[in-house]
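Numbering (the working numbering), first residue to last: 208 to 286.
(1) Pop quiz: residue 274 and residue 241 are said to be a contact at Cβ under 8 Å. What is the actual Cβ separation, rounded to whole angstroms?
(2) Could you round the C-beta distance between residue 248 and residue 236 to whole angstroms and report it? I think they count as a contact, below 8 Å.
(3) By DSSP, does residue 269 sit in helix, in strand, or in coil?
Here it is, written out as structure tokens:
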């Protein structure tokens with residue numbers, strides 16, 4: 208036979224897991240998008256690399272906060 212508090216504890220643990228999973232996906236998904244944008248961008252992120260390679264075009268994303276701002280400005284929040 209199961210103890211009286213065992214079911215209640217299982218519900219609390221499941222709820223805690225659900226909340227933790229939701230928060231982690233909400234935080235990590237946008238950071239993953241930014242990371243992937245940096246990985247696929249061909250231009251270097253620093254101006255020193257531009258000078259050394261004699262490239263004239265700066266990169267679209269140069270920093271995490273600048274990339275976040277530009278992505279939100281251009282694409283907005285998903286509806």
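All residues carry an ideal CB built from backbone N, CA and C; glycine is no exception.
Answer, in terms of the structure:
(1) 5 Å
(2) In fact, because the Cβ distance is near 19 Å, the residues do not count as touching under 8 Å.
(3) coil
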